[in-house]
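Structure record follows, encoded as structure tokens.
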Amino acid sequence: MSNDPLLQPYQLKHLKLRNRIIVTSHEPAYPEDGMPKERYLAYTLERARGGVALTMTAGSAAVSRDSPPVFNNLLAYKDEIVPWIRHMTDAVHEEGAAIMIQLTHLGRRTRWDKADWLPVVAPSHHREASHRAFPKKIEDWDIERIIKDFADAAERMKAGGMDGVELEAYGHLIDQFTSPLTNELDGPYGGSLDNRLRFCFDVFKAMRERVGDDFILGVRYTADECLPGGTGKAEGIEISKRLKDSGLIDYLNIIRGHIDTDAGLTDVIPIQGMANAPHLDFAGEIRAATKFPTFHAAKIPDVATARHAIAAGKVDMVGMTRAHMTDPHIVQKIIEKREDDIRPCVGANYCLDRIYQGGAAYCIHNAATGRELTMPHIVKKADVRKKVVIVGAGPGGLEAARVAGDRGHDVVVFEAADNPGGQIRLTAQSARRREMISIIDWRMSQCEKLGVTFHFNTWAEANIVSAEHPDVVIVATGGIPHTEVLSKGNELVVSAWDIISGDVKPGANVLIFDDAGDHAGLQAAEFLARAGAKVEIMTPDRSFAPEVMAMNLVPYMRSLQKLDITFTVTYRLEAAEKSGNQIIAHIGSDYGGVSMQRMVDQIVVNHGTIPLDDIYFELKPASTNLGEISHDQLLSGQQQAVVRNPEGKFQLFRIGDAVAARNTHAAIYDGLRIAKDI
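In the numbering used here, each residue's number is its place in the sequence shown (first place is 1) plus 819.
What follows is the structure, given as structure tokens:
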């Protein structure tokens, strides 16, 4: 048996867990009609196959109709969920993993205009900032009804074969009772700590009576809200002891912080540029104070940190949830002593930010996650070995090279720059986004192991590509900044890339016109302001940087507001003209009736990219498919078989921003789904 702390089994009551790594409760937003159907099953099952000890679904499943999900969650209040749960639990158990589910009532953390349009309820009328609904102050009959709903849902989960249930008690209704900031009730459920905890214990009592002792019950809760007037550390430790002493639960899952604002949520679940494992020591304090089984997860992205968490006795089970979205086979790779093959989580938080905007969770650099029904995490070897030439070593090109190499093909990559990475190498120059370079470093490491040949400092022209006698050519040349957006004065502007790269010296009074709304605009603003410039970011949109999304915006705002940057929405830069050593910016509005001017000494435009596609069009006449991709074959996972030029010498495809300005995930997804069928 291995002496690796992470690979030691753990006995949780009657349940033996095969190692110390768990996937904590989270909702990837894959349900269909509130049910965990085939897509959800495939996602969950992949992590079980990868060796995780325990996977927890749902973050969280709703127990009541007046707890409507604000994004696509499981509906545990429906009887029809039981067979779907049974289908999932049976499959996970066959892979040797345990499986639990998290249940919740959202309380005020939802909206009244979702689902059945029922009033949201909470122990006060205080609105939660994130979801903006003013709740009804909960009544005694609501409390009785919701306690029963929790017990009913727990019974359904046991009938579905779950090993246990975890209650969500941070930011949701149970925590809204516990926190003095959100509980203004009188009588048995308000006032003293005993009273504020009563709802939580009543829920656990009702569930335990319904499911019996041979079923795991746990709680994921905040033991320190980090808010003035809220549950503090001392009270949190007392709550932890009372939870243990109740005899109703089997483990504690520790959270530190609050989630009622974007900033609070991001501190609870840190993203790239923020410290790793910021709450691990605090979880260790709870474990030491209670001597009770303790779980924890919060930006523990790497095996070394997870190993330390167990070896140092900080926790009994360590959660690596986003890490398993990036690589579902972490445990298996540890067992096989292949830790350097683990695809690293870079903390980009594309997964969570997407679900909070109503989308499904996708990993920024594993395009198979959430697409297990159509995309492979491990590709199969090709029947026929081919020569594949890839032009461009950005994220899309490197993904295509990695996948084609893994398929067994002879792969050659041409890159004009002296290093791989494309736009990622540029964006990683920001300290906040430095982790992004791991997207490139991991692929380069994999490509080197697979024998992929690289030619850097090589501008690939048609004759250079043709000299390789390729069977397939993939153009992944990306794009160049698109700044030709003004009716006059385009020659007076510079791009956000010019500023980030240092190719253009920062001005003193700078207007950034940002209608791409991605990271580049904010990165340029921060670079300029730190250089001493007065900076205004202007966008014609209703909000700025929509592509950055909520949680990624938090660290930017903490920095940019301190730097006194001005944010202007709903105005459009229309033209620019020279005036001495200054520039007059002419400003209008899509809403009409506005004509203004700004006097600045530098204008920065962030308007995405236009494809750098000359090589594609040079090669197109010599290709068999003339560049055409069959969408039907692409989406059904078949080899591309379009032939428009029988005299052609090779198939030709282009991917990523060489097609149109999109993002890193899109480029990697393009690379995977083209190369996996070559």
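Glycine is no exception: its CB is placed at the ideal position from the N, C-alpha and C atoms. Note that the structure is a prediction, hence the values are computed from the model and not measured.
Between the alpha carbons of LYS1152 and MET1415 lies a gap of roughly 60 Å.
In this structure, ALA848 lies near GLY1178, with their beta-carbon atoms less than 8 Å apart.
Pairing SER1442 with LEU1471 gives a Cβ-Cβ distance under 8 Å. Minimum Cα-Cα distance from GLY1490 among the listed residues ILE1403, HIS1301, THR1277 and PRO1214 corresponds to PRO1214. GLN830 carries a strand assignment under DSSP once its states are collapsed to helix, strand and coil. Within the same chain, and ignoring the five residues on either side of GLU1447 in sequence, the residues whose Cβ sits closer than 7 Å to its Cβ are VAL1461 and ARG1463. Counting only runs of 4 or more residues that sit fully inside the stretch 912 to 990, the alpha helix (DSSP H) segments are 959 to 978, in chain order. In the three-state reduction of the DSSP assignment, ASN1328 falls in the strand class, which pools E and B. ILE1197 is classed as exposed because its beta carbon has fewer than 16 other beta carbons within 10 Å across all chains shown. ARG1226 counts as buried, since no fewer than 16 other beta carbons sit within 10 angstroms of its beta carbon. The C-beta separation of SER943 from ASN1002 comes to about 6 Å, placing the pair in contact by the 8 Å criterion.
Rounded to whole angstroms, VAL1038 and ARG839 show a C-alpha spacing of 18 Å. If one requires a minimum length of 3 residues, the beta strand (DSSP E) runs lying completely within the stretch 1073 to 1136 are 1113 to 1115, in chain order.
The Cβ neighbour count for SER1011, taken over all protein chains shown within 10 Å, is under 16; the residue is labelled exposed. Between the stretch 1108 to 1124 and the stretch 1068 to 1076, the count of C-beta pairs closer than 8 Å reaches three or more; the two stretches touch. Boundaries for ALA877: no alpha helix (DSSP H) harbours it, while the beta strand (DSSP E) harbouring it runs 873 to 881, taken from the DSSP string. Distance between PHE1346 and GLY1298, taken at the CA atoms: about 22 Å. As DSSP reads the structure, GLN1401 sits in a beta bridge with SER1398. The secondary-structure analysis by DSSP pairs LYS1353 across a beta bridge with ASN1328. For a cut-off of 8 Å, the C-beta gap from PRO828 to LEU836 is around 6 Å, short enough to register as a contact. Counted as a single uninterrupted DSSP element, the alpha helix (DSSP H) harbouring ARG1061 occupies residues 1052 to 1064. It is roughly 33 Å from the alpha-carbon of LYS1397 to the alpha-carbon of GLY1241. By the Cβ criterion, the stretch 862 to 875 is in contact with the stretch 906 to 914, since at least three pairs of Cβ atoms, one from each stretch, lie closer than 8 Å.
When DSSP states are grouped into helix, strand and coil, MET1139 belongs to the coil group. In its chain, beyond the 5 residues on either side, LEU1067 have a beta carbon closer than 6 Å to the beta carbon of ARG1027.
At the C-beta level, VAL1207 and ILE1493 stay beyond 8 Å of one another.
The criterion of a C-beta distance shorter than 8 Å is satisfied by LYS1205 and ASP1290.
Around the Cβ of GLN1176, a 10 Å sphere holds fewer than 16 other Cβ atoms; the residue is exposed.
Around the beta carbon of GLY1076, 16 or more other beta carbons lie within 10 angstroms, which makes this residue buried. For VAL1030 and ALA978, the gap between their C-alpha atoms comes out near 9 Å. Pairing ALA1281 with ILE1474 gives a Cβ-Cβ distance that is not under 8 Å. Out of LYS1381, TYR1390, ASN1276 and ILE1422, the CA that lies nearest to the CA of ASN1309 is found in ILE1422. The stretch 1336 to 1351 makes contact with the stretch 1381 to 1393, as at least three CB pairs between them are under 8 Å.
Sixteen is the threshold: since fewer than 16 other Cβ atoms of the shown chains lie within 10 Å of the Cβ of LYS1200, the residue is exposed. If you draw a straight line from the Cα of LEU1036 to the Cα of ASP1064, it comes to about 14 Å. The beta carbon of GLU914 is closer than 6 Å to those of ALA867 and ARG868 in its chain, skipping five residues each way along the sequence.
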